[in-house]
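Please read the structure below before turning to the comments.
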Amino acid sequence: MSHELAKAYDPSQIEDRWAQYWVDEHLFDVPGSASGSKAAGAATQAAVPPQKVFTMLLPPPNVTGRLHMGHMLNQTEMDILTRWHRMRGELANWVPGTDHAGIATQMMVERQLASEKTSRHALGREAFVDRVWQWRAHYGGAILDQMKRLGASVDWSREYFTMDEGLSIAVKEAFVRLHEQGLIYRGAYIVNWCPSCQTAVSDVEVVHEEQQGKLYVIRYNVVGPGDRLTGETITIATTRPETMPGDVAVAVHPDDERYTRFHLMSVVEPVTGRVIPIVTDTWVSRDFGTGAVKITPAHDPNDFELGKRHLLPQINVMDETAHMNAAAGAYTGLDRFVARKQIIAELEARGLLVEIKEHTNSVGRCERSRDIIEPRLSTQWFIKIQPLAEKAIAAVEEGHIRFTPDQYKKTYFEWMRNIHDWCISRQLWWGHRIPAWHCDVCHGVTVARETPAQCSHCGTTELKQETDVLDTWFSSGLLPMSVFGWPQHTPDLDRFYPTQLLVTGFDILFFWVARMIMFGCHFMLDEPMADGTPRRLADAVPFREVYIHALVRDADRQKMSKTKGNVIDPIDTIRKFGTDATRFTLAAMASPGTDIAFNEERTEGYRAFANKIWNAARFLFMQVDRAAEAGIVVAPATLPPAPVVTEQDTLDARWIVSRLNSTAANVHHALEDYRFDEAASFIYQFFWGDFCDWYLEIVKIRLDFTSDGDLEARRSALTTLLGVFEAALRLLSPFMPFLTEELWHAFYDGKPALKSIALTRYPSAVSPVDEAAESAMTQLQGLIVALRDLRRAAGVPEKEAVPAQVRSSEATAALLRANSDILERLARISHLTFVESFADGAVLRTTPEFDAAIIFEKQIDPVAERERLTKELARLEKEQASAERQLGNEAFLGKAPVAVVDGLRKRAAELQQLVPKTRAAIEGLR
RNA sequence: GGGCGGCUAGCUCAGUUGGUUAGAGCGCCUGCCUUACAAGCAGGAUGUCGGGGGUUCGAGUCCCUCGCUGCCCACCA
Numbered sequence: 053m054s055h056e057l058a059k060a061y062d063p064s065q066i067e068d069r070w071a072q073y074w075v076d077e078h079l080f081d082v083p084g085s086a087s088g089s090k091a092a093g094a095a096t097q098a099a100v101p102p103q104k105v106f107t108m109l110l111p112p113p114n115v116t117g118r119l120h121m122g123h124m125l126n127q128t129e130m131d132i133l134t135r136w137h138r139m140r141g142e143l144a145n146w147v148p149g150t151d152h153a154g155i156a157t158q159m160m161v162e163r164q165l166a167s168e169k170t171s172r173h174a175l176g177r178e179a180f181v182d183r184v185w186q187w188r189a190h191y192g193g194a195i196l197d198q199m200k201r202l203g204a205s206v207d208w209s210r211e212y213f214t215m216d217e218g219l220s221i222a223v224k225e226a227f228v229r230l231h232e233q234g235l236i237y238r239g240a241y242i243v244n245w246c247p248s249c250q251t252a253v254s255d256v257e258v259v260h261e262e263q264q265g266k267l268y269v270i271r272y273n274v275v276g277p278g279d280r281l282t283g284e285t286i287t288i289a290t291t292r293p294e295t296m297p298g299d300v301a302v303a304v305h306p307d308d309e310r311y312t313r314f315h316l317m318s319v320v321e322p323v324t325g326r327v328i329p330i331v332t333d334t335w336v337s338r339d340f341g342t343g344a345v346k347i348t349p350a351h352d353p354n355d356f357e358l359g360k361r362h363l364l365p366q367i368n369v370m371d372e373t374a375h376m377n378a379a380a381g382a383y384t385g386l387d388r389f390v391a392r393k394q395i396i397a398e399l400e401a402r403g404l405l406v407e408i409k410e411h412t413n414s415v416g417r418c419e420r421s422r423d424i425i426e427p428r429l430s431t432q433w434f435i436k437i438q439p440l441a442e443k444a445i446a447a448v449e450e451g452h453i454r455f456t457p458d459q460y461k462k463t464y465f466e467w468m469r470n471i472h473d474w475c476i477s478r479q480l481w482w483g484h485r486i487p488a489w490h491c492d493v494c495h496g497v498t499v500a501r502e503t504p505a506q507c508s509h510c511g512t513t514e515l516k517q518e519t520d521v522l523d524t525w526f527s528s529g530l531l532p533m534s535v536f537g538w539p540q541h542t543p544d545l546d547r548f549y550p551t552q553l554l555v556t557g558f559d560i561l562f563f564w565v566a567r568m569i570m571f572g573c574h575f576m577l578d579e580p581m582a583d584g585t586p587r588r589l590a591d592a593v594p595f596r597e598v599y600i601h602a603l604v605r606d607a608d609r610q611k612m613s614k615t616k617g618n619v620i621d622p623i624d625t626i627r628k629f630g631t632d633a634t635r636f637t638l639a640a641m642a643s644p645g646t647d648i649a650f651n652e653e654r655t656e657g658y659r660a661f662a663n664k665i666w667n668a669a670r671f672l673f674m675q676v677d678r679a680a681e682a683g684i685v686v687a688p689a690t691l692p693p694a695p696v697v698t699e700q701d702t703l704d705a706r707w708i709v710s711r712l713n714s715t716a717a718n719v720h721h722a723l724e725d726y727r728f729d730e731a732a733s734f735i736y737q738f739f740w741g742d743f744c745d746w747y748l749e750i751v752k753i754r755l756d757f758t759s760d761g762d763l764e765a766r767r768s769a770l771t772t773l774l775g776v777f778e779a780a781l782r783l784l785s786p787f788m789p790f791l792t793e794e795l796w797h798a799f800y801d802g803k804p805a806l807k808s809i810a811l812t813r814y815p816s817a818v819s820p821v822d823e824a825a826e827s828a829m830t831q832l833q834g835l836i837v838a839l840r841d842l843r844r845a846a847g848v849p850e851k852e853a854v855p856a857q858v859r860s861s862e863a864t865a866a867l868l869r870a871n872s873d874i875l876e877r878l879a880r881i882s883h884l885t886f887v888e889s890f891a892d893g894a895v896l897r898t899t900p901e902f903d904a905a906i907i908f909e910k911q912i913d914p915v916a917e918r919e920r921l922t923k924e925l926a927r928l929e930k931e932q933a934s935a936e937r938q939l940g941n942e943a944f945l946g947k948a949p950v951a952v953v954d955g956l957r958k959r960a961a962e963l964q965q966l967v968p969k970t971r972a973a974i975e976g977l978r
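In our numbering, each residue's number is its place in the first sequence (first place is 1) plus 52.
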């Protein structure tokens, strides 16, 4: 490859090629320890074992997933950080993988079966699971393939799947240990039942939605002593009348005087006619509804608890599809909502319906199927979560895990402190089957790592394995340990656990982040450190930092959703503008505390930025070729690791190197604080503003090969140009890896010393900044802008050079004289003279450092000029008044920091010059 | 019912512990095909920092209050 570049930047011509190259060359593989990684990748990064390790897990996308903007944001941020750490010389280990996603995947395959007019039940469990594996082999890699296209610098040799053998061993081990520790129990409790998925789900899988519902007020006939109707009624309120056949009591508050006379009496449950007791319980709220509540222990968690306190029976009235069962009498077989309607109709006919009130309540829906969750009594497996939560709380309280933004810590504590036991069993076929066996003889349960030969209770061999599988999040909660070989104590585990960072959206804070913290703190505490010493909580945590990013919304701030049809497919955006531009957009918009309103116009702008850099490279390569023709050759390979300048170098050289160095420092600080937006903005400003707009224009003077001149000076200028550009590419490369890889290889004519720019070192955070050069350049730029504005105001044709006059201090004059070539070229000035005074009526541009005018016959429009100056004067006078007021205020002088007072004094002195000058300029216009 | 954000230029957003003249990109206006780039160059205009009150020498920044808006959590039928 030579440094010939196509005239126009076309990301589609370069990105796929590099994406493939990075994967094929195993550039980002971190060779594992014996029992760790599957593949022995090229040891590119580990020639010298680095001191510091940067480890991070990719939040595993579902195998059923398609890439969306949220993923892309997540991966862009992670990739920027990983590449940055890697370029700082750390061993960067970013581990990718996918999640088997129990319910989602099972649903997907079941849908496929349905289209083939069959079902999982027709297939049977074993064949169905086989079928899911086939499905996974076929489609499961789609999302990771898309990731490759994003340039994610992960170690593909370490790719995991949560159902892999190693990870399954970890799952079994974790389950068995928790069981041994008495932290897993099985029992009949009210769970969130999804009638559509036909499985229990955990609390976090239920999404609550406010809705306008109805509150039915119903009359129950009271039964007094001797089982006789007293003729009185008790009215209760319910939102779910279909559960009435499951009523086992009516409860009132013991102190509620309205009901005192009914204590110890009963009522008739209207649907089935059963006589059920009136009980008293302080849980009942006197001011809600009528103060009397029906009790249905099999269908409501509160009622369940109350029922246990009062030893009431539990009547389940629905089957697993939420159709009424035999307990519902005449309503048997009906769907729950049909039953509700019919029951209400009948109650109304019998005169037992008092009224129907509008009522806003929140209804729980299944996160996956969107079906309404039915609280239902069912036998499930649970984790006793309190002991795990305690350690997880301590880990964050004690600062072993840091959240960014910090406020999420509060959300985390809030949740962790109000946590309920975790229902981990799912009535699915796809997932980690619970390692428990039921005895046909004694009905005891045997929990074991391997299939047991006999029942641990009665010794018989009549065992059947539990049919339930584990919640998907059980296995993903173990990932930080299991991907490094746990429960074996591997060298990888020693080396890479705890991971440094987790980057994710808040939507899986409870699902995944919290579970990893609980599991990590629980299990790893038992795992000694590499040196054999006991592990402390600080080193048991799964990661040291959590960075939580925003949600990506559409340009109108709407949440992207398939139903709204406003989903922006990142692949489309990439096709239009390139991966680099899309990445840069996300980085630039990723400011903390606010969601990202993704706007393609912005991406278009960053494609222009990429194009700008592309063209800067073309220009630079052109200069290299011209220089070679003039006998000046600067071989890229001979450049120092960072551009160096001395006092002898030109102002522009010293300035651009200083700007590069301060930009590098700024980028480092921004990335340390996860301020991707600031980092992106610093680089953008530097590359476009400083490098292209100013430096390249000045360099054209330094490298004017059309005339004779100082060869060494030209060689020096070319060296600086090349050095700064190459360093700037490295600075940009974590953000735009494709473009920079392409240009970097071209820079070395296709023969770079390393295989990738990603393996070079990042520009240092502590290179020298030349304040003097920066401030001198700022003055120069100020004058150039002023002269350009004068040219515009006077209507000087673009190409015409005009003479200019400047009045300034001797120091400023010296600076301007020394750089008159820059002034002449950039402001198109034919000749610059220094004057004591200006001709009457001359139009000036004024700054504290200088006054400037151009000499051009066509008069400046006095009306427009007066208007401008009058506005300017008003602003300055206002500022002056405020400055003088403050400086006359002793409280200010006494209390404000010296720097602030000095600064204001200096400014006041400037204003003292500027105000009369501006006033005089207005006068001069007469 | 609890809790957390946001409200700054036409639009999308920055604005560090209160400190001199509140910024950027896009858009807008004017002039330029100046051979790296028209996906460009140069110049310009644009703000009662949601309303009100308070603390302070000084408030976009801190406190109170009101308004609008978004989100999370929650077992009151």
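Even for Gly, the Cβ is constructed at its ideal location relative to N, Cα and C.
Within the same chain, and ignoring the five residues on either side of Pro644 in sequence, the residues whose Cβ sits closer than 6 Å to its Cβ are Pro457. The region 105-120 and the region 178-195 touch, with no fewer than 3 CB-CB distances between them shorter than 8 Å. In the DSSP assignment, the residues bridged to Tyr272 are Ile286. Remark: C-beta atoms of Val331 and Asp279 do not approach each other more closely than 8 Å. When the alpha-carbon of Ala660 is set against those of Ile648, Val676, Phe629, the nearest one is in Phe629. The beta-carbon distance between Pro148 and Met199, rounded to whole angstroms, is 7 Å. This is short enough to meet the 8 Å contact definition.
No residue range can be given for His541, since it is assigned to no beta strand (DSSP E) and is classified by DSSP as neither H nor E. Counted as a single uninterrupted DSSP element, the stretch harbouring Thr556 is not any alpha helix (DSSP H) but the beta strand (DSSP E) occupying residues 551-557. Partner residues in a beta bridge of Gly976, as assigned by DSSP, do not exist. Taking the Cα of Ala301 as reference, the smallest distance to any Cα among Arg229, Asp355, Ala705 is reached at Asp355. Each of Tyr383, Thr373, Pro349 was checked against the Cα of Thr324, and the nearest Cα belongs to Tyr383.
Fully enclosed alpha helix (DSSP H) runs of no fewer than 4 residues occupy 728-736, 749-754, 763-784 of the region 714-787, in order along the chain. Around Ile435, the same chain offers Leu230, Leu235, Ile236, Asp473, Trp474, Ile476 as residues with beta carbons nearer than 7 Å, after the five sequence neighbours per side are excluded. Partner residues in the beta bridge of Val253, as assigned by DSSP, are Asn244. DSSP, read as helix, strand or coil, puts Asn941 in coil. Counting of Cβ neighbours within 10 angstroms places Leu781 among the buried residues, the total reaching 16 or more. The beta carbon of Thr431 sits closer than 6 Å to those of Ala240, all from its chain and outside the five residues before and after it, given in chain order.
Phe902 is positioned such that its CB atom lies closer than 8 Å to that of Arg859. Scanning the region 160-224 for uninterrupted beta strand (DSSP E) segments of 3 residues or longer gives nothing; none is fully contained. In this structure, Lys752 is the residue among Lys752, Ala716, Tyr549, Ile408 with its C-alpha nearest to the C-alpha of Phe671. When DSSP reads this structure, Trp433 sits in a beta bridge with Arg238.
When the Cα atoms are used, Thr287 and Leu405 turn out to be separated by approximately 9 Å. The beta-bridge partner set that DSSP reports for Tyr61 is empty.
Taking a cut-off of 8 Å on C-beta distances, the region 553-571 touches the region 525-535, as three or more cross pairs fall below it.
Burial state of Asn145 is buried, judged by a 10 Å Cβ sphere holding 16 or more other Cβ atoms. Residue pairing for Phe886: DSSP places it in a beta bridge opposite Val858. Distance between Phe213 and Phe536, taken at the CA atoms: about 13 Å.
Straight-line measurement puts the Cα of Asp729 at about 15 Å from the Cα of Met124. Around the beta carbon of His152, 16 or more other beta carbons lie within 10 angstroms, which makes this residue buried. Distance from the CA atom of Val206 to the CA atom of Leu703, rounded to whole angstroms, is 42 Å. Of the other Cβ atoms in all chains shown, 16 or more fall within 10 Å of the Cβ of Lys224; this residue is therefore buried. DSSP places His231 within a helical segment (H, G or I) once states are collapsed to three. For Ile396, no beta strand (DSSP E) encloses it; the enclosing alpha helix (DSSP H) starts and ends at 388-401.
A direct Cα-to-Cα measurement between Glu502 and Pro487 gives close to 8 Å. Rounded to whole angstroms, Pro111 and Asn413 show a C-alpha spacing of 34 Å. Here Phe595 is near Ile453, since their CB atoms are less than 8 Å apart.
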